[in-house]
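Peer 1: Below is the structure I would like to discuss, written out as structure tokens.
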Amino acid sequence: MARRLWSNHSVSSSHFAWEDEACVLISDLDLEYANLEAESASLIGDAGKIMILTGASGFLGKQILQGLVSSPSVSEVHCIAARSQTSMEKLNANESSKIIVHTGDLTLPRLGLDITTARSLASRANIIVHNGTDVSFLKSYSSLKKANVDSTAELVRLAKPCRIPIHFVSSAGVAGFVPRNELPLREVSVAAYPPPRDSSAHGYQIAKWVSERLLEMANQQYGLDIVLHRPTGIVGEDAPDANILGNLLHYSRQLELAPDMDGWDGYLDLVDVEAVAQQIVAVLESPNVSETGVRAVRVVHTCNPGAFPVHELAEYLGRTRGKPLGALPMTEWIGRAMQAGMNEMVGLYLQEVTSKRLSW
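Here the sequence shown stands for residues 1 to 360, numbered as in UniProt numbering.
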């Protein structure tokens, strides 16, 4: 969401708890796809790449999907874990012969794929893009683990036999566990900055941290080519109802009043959803090897060079609207915004942030 999200945590006592979580997941991968041989490597030049995409019907996912469908180097996009009929209808509305939709769920074994389909994809796919996630800033790690972490392990299991590269859409929120004096976080591993032991808060960010570590271990142990994408605050016209920043911006404009955030710490780093998708697709087109030629873990940040201090929100909105906005204390602003239709869960989250005076 921002560059300095929740950066007051101690990192001294929590390292082994979360590191062990990733270690258990990587050690628990069975041989469900054993004895497979890659079928597609020699066919890319003629037929194009075969992609696997999760979260294809979501806010960012549909933009990634459009980019993949538009790419002449892509022949098939397998959209897996399409959870509902609505999701399938959205995907089929693209009317592209490149799109193959598979029903399922991030919380299921093989993400809902039957074993025959899963083995076929494991032997044919060229790249996996793991964008699917349960986006909730109020849920604990334990309630998000199946959808947001176990799904990553399932994809590592799928990728392992034929060493399919995995691109994982993480979050700049993992920088929230970095000490203030080491910010901003560079495009490096967050292994040295584990989350706090208490998983009741920051569950979404913790799940991203554990998934990143799991994928780094998959690179080290199995030679998987890994790219970790860390976008900051994604905004756009079709932002979902529960998007925190989308609600903050939308209702400030609608009310012509912004929350007074004087004294708040942190930065708002807003990036357009189309720009994030374009960068992800561009990175998919580029090789990912280190200077030594070894398969590597690459980290890619998508940031806005025009990031601004959070206490300048009203000023920022005034500039973009061409007229100044008034301001209200945050608690009062939340009440007004909820009366105007703001998502209740977003309101609860903002109230929690306000009561704990957490940094953005």
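Glycine included, every Cβ here is placed at the ideal spot set by N, Cα and C.
Got a sec, what are the start and stop residues for the alpha helix (DSSP H) D20 sits in?
Peer 2: By 1-based counting over the sequence shown, the position of residue 20 is 20. Looking at the DSSP string, the run of the alpha helix (DSSP H) that includes D20 is H15 to S27.
Peer 1: Looking only at C-alpha atoms, which of S189, I244 and S355 sits nearest to A269?
Peer 2: Here residue 269 refers to the residue found at position 269 when the sequence shown is read from its first residue. The sequence given here has Asp at residue 269, not Ala. Considering only alpha carbons, the answer is I244.
Peer 1: Can you tell me whether S87 is buried or exposed, with buried defined as 16 or more other CB within 10 angstroms of its CB?
Peer 2: Position 87 of the sequence shown, counting from 1, holds the residue named residue 87. It is buried - the Cβ of S87 has at least 16 other Cβ atoms within 10 Å.
Peer 1: Looking only at its chain, what residues have a beta carbon closer than 8 Å to the beta carbon of E48, apart from the 5 residues adjacent to it on each side?
Peer 2: As a first step, residue 48 is located in the sequence shown; it is residue number 48 there, counting from the start. Reading the sequence as shown, one finds Gly at residue 48 and not Glu. For G48, where only same-chain residues beyond five positions count, the Cβ hits under 8 Å are P72, S73, V74, S75 and E76.
Peer 1: Would you identify the three-state DSSP class for H311, choosing helix, strand or coil?
Peer 2: Numbered from 1 along the sequence shown, position 311 holds the residue referred to as residue 311. Three-state DSSP puts H311 in a helix.
Peer 1: Quick one: using the 10 Å Cβ neighbour count with 16 as the cut-off for buried, is T232 buried or exposed?
Peer 2: Along the sequence shown, one-based indexing puts residue 232 at 232. With 16 or more other Cβ atoms within 10 Å, it is buried.
Peer 1: Buried or exposed: which applies to Q63, given that a residue is buried once 16 or more other Cβ atoms fall within 10 Å of its Cβ?
Peer 2: Working through the sequence shown from its first residue, we reach residue 63 at position 63. Under this definition Q63 is a buried residue.
Peer 1: Measure the alpha-carbon distance for G326 versus L348 and round it to whole angstroms.
Peer 2: To locate residue 326, count along the sequence shown from 1; it is residue 326. To locate residue 348, count along the sequence shown from 1; it is residue 348. Cα to Cα, G326 sits roughly 23 Å from L348.
Peer 1: Am I right that G203 and L144 are in contact with their C-beta atoms under 8 Å? What's the rounded C-beta distance?
Peer 2: To locate residue 203, count along the sequence shown from 1; it is residue 203. To locate residue 144, count along the sequence shown from 1; it is residue 144. At roughly 5 Å, the Cβ-Cβ gap stays under 8 Å, so G203 and L144 are in contact.
Peer 1: Taking a contact to mean a Cβ-Cβ separation below 8 Å, would you say H167 touches L249 in this structure?
Peer 2: Position 167 of the sequence shown, counting from 1, holds the residue named residue 167. Position 249 of the sequence shown, counting from 1, holds the residue named residue 249. Their beta carbons are not under 8 Å apart, which means H167 does not touch L249 by this criterion.
Peer 1: Under three-state DSSP, which class holds S70?
Peer 2: Here residue 70 corresponds to residue number 70 of the sequence shown, with the count starting at 1. Here S70 sits in helix by DSSP.
Peer 1: Start and end of the beta strand (DSSP E) containing T232?
Peer 2: Residue mapping note: residue 232 aligns to position 232 of the sequence shown, counting from 1. Run containing T232: none; DSSP gives neither H nor E here.
Peer 1: At least one CB of chain C closer than 8 Å to the CB of W264: is that the case?
Peer 2: You won't find chain C in this structure, because it holds only one protein chain.
Peer 1: Could you name each continuous alpha helix (DSSP H) segment of 4 residues or more that falls completely within the stretch 157-232, going from the start of the chain to the end?
Peer 2: With a minimum length of 4 residues, the continuous alpha helix (DSSP H) runs that stay inside the stretch 157-232 are 203-222.
Peer 1: Would you kindly work out how many angstroms separate the C-alpha atoms of V300 and I234, rounded to a whole number?
Peer 2: As a position in the sequence shown, residue 300 is number 300, starting the count at 1. As a position in the sequence shown, residue 234 is number 234, starting the count at 1. Taking the straight line joining both Cα atoms gives about 15 Å.
Peer 1: Check whether the stretch 250-261 and the stretch 311-321 touch, using three or more Cβ-Cβ pairs below 8 Å as the test.
Peer 2: Segments in contact, yes.
Peer 1: Take every Cβ of the stretch 148-161, pair it with every Cβ of the stretch 191-198, and state whether three or more of those distances are shorter than 8 Å.
Peer 2: No, the stretch 148-161 does not touch the stretch 191-198.
Peer 1: How would you write the range of the beta strand (DSSP E) that G326 sits in, first residue to last?
Peer 2: Sequence index remark: in the sequence shown, residue 326 carries index 326 (1-based). First-last of the beta strand (DSSP E) with G326: G326 to P329.
Peer 1: Which of the three DSSP states is assigned to M261 in this structure?
Peer 2: Start at 1 with the first residue of the sequence shown, and residue 261 comes out as number 261. Three-state DSSP puts M261 in coil, outside helix and strand.
Peer 1: My guess is that I80 and I52 are in contact by the Cβ rule of under 8 Å, so how many angstroms apart are they, rounded?
Peer 2: Translated into positions along the sequence shown, residue 80 becomes position 80. Translated into positions along the sequence shown, residue 52 becomes position 52. Their Cβ separation, rounded to whole angstroms, is 6 Å, which keeps I80 and I52 in contact under 8 Å.
Peer 1: From A172 to I280, what does the alpha carbon distance come to, in whole angstroms?
Peer 2: As a first step, residue 172 is located in the sequence shown; it is residue number 172 there, counting from the start. As a first step, residue 280 is located in the sequence shown; it is residue number 280 there, counting from the start. Distance between the alpha carbons of A172 and I280 is about 15 Å.
Peer 1: Taking the DSSP output, what are the residues bridged to D272?
Peer 2: Position 272 of the sequence shown, counting from 1, holds the residue named residue 272. In the DSSP output, where bridge partners are listed per residue, D272 has V235.
Peer 1: For K98 and H78, what's the separation of their Cα atoms in angstroms?
Peer 2: By 1-based counting over the sequence shown, the position of residue 98 is 98. By 1-based counting over the sequence shown, the position of residue 78 is 78. Their Cα atoms are separated by approximately 8 Å.
Peer 1: Output the boundary residues of the beta strand (DSSP E) element that contains R124.
Peer 2: Sequence index remark: in the sequence shown, residue 124 carries index 124 (1-based). Run containing R124: none in the beta strand (DSSP E); it sits in the alpha helix (DSSP H), I115 to R124.
Peer 1: Starting from the C-beta of S286, find all residues in its chain whose C-beta is less than 8 Å away, skip the five residues before and the five after it, and write them out in chain order.
Peer 2: Counting from one through the sequence shown, the residue named residue 286 turns up at place 286. Excluding residues within five positions, none has a Cβ falling inside 8 Å.
Peer 1: Based on Cα-Cα distance, which residue from L138, N126, L214 and L60 lies nearest to V346?
Peer 2: As a working note, residue 346 is residue 346 in the sequence shown. Checked all of L138, N126, L214 and L60; the closest Cα to V346 is L138.
Peer 1: Does the separation of the CB atoms of V149 and A207 fall below 8 Å?
Peer 2: Within the sequence shown, the letter at position 149 stands for residue 149. Within the sequence shown, the letter at position 207 stands for residue 207. Closer than 8 Å, so yes.
Peer 1: Are there 16 or more other CB atoms within 10 angstroms of the CB of N92, so buried, or fewer, so exposed?
Peer 2: As a position in the sequence shown, residue 92 is number 92, starting the count at 1. It counts as exposed.
Peer 1: Compute the Euclidean distance between the alpha carbons of A337 and G306, then round it to the nearest angstrom.
Peer 2: Residue mapping note: residue 337 aligns to position 337 of the sequence shown, counting from 1. Residue mapping note: residue 306 aligns to position 306 of the sequence shown, counting from 1. The straight-line gap from Cα to Cα measures roughly 26 Å.
Peer 1: Can the beta-carbon of G246 be found closer than 8 Å to that of H311?
Peer 2: As a first step, residue 246 is located in the sequence shown; it is residue number 246 there, counting from the start. As a first step, residue 311 is located in the sequence shown; it is residue number 311 there, counting from the start. Cβ distance not < 8 Å, so G246 and H311 don't count as in contact.
Peer 1: Near A277, which residues of its chain fall below 8 Å by C-beta distance, leaving aside the five closest residues on each side in sequence?
Peer 2: Working through the sequence shown from its first residue, we reach residue 277 at position 277. L60, Q63, I64, Q66 and G67.
Peer 1: With distances taken from CA atoms, which of R163, N131 and S96 is nearest A122?
Peer 2: For the purposes of this step, residue 122 is taken as the residue at position 122 of the sequence shown. Closest option to A122, Cα to Cα, is R163.
Peer 1: Measuring from the CB of S143, is there a heavy atom of the ligand GDP at a distance below 7 Å?
Peer 2: By its list of ligands, the structure shown contains no ligand whatsoever, and the ligand GDP lies outside what it can speak to.
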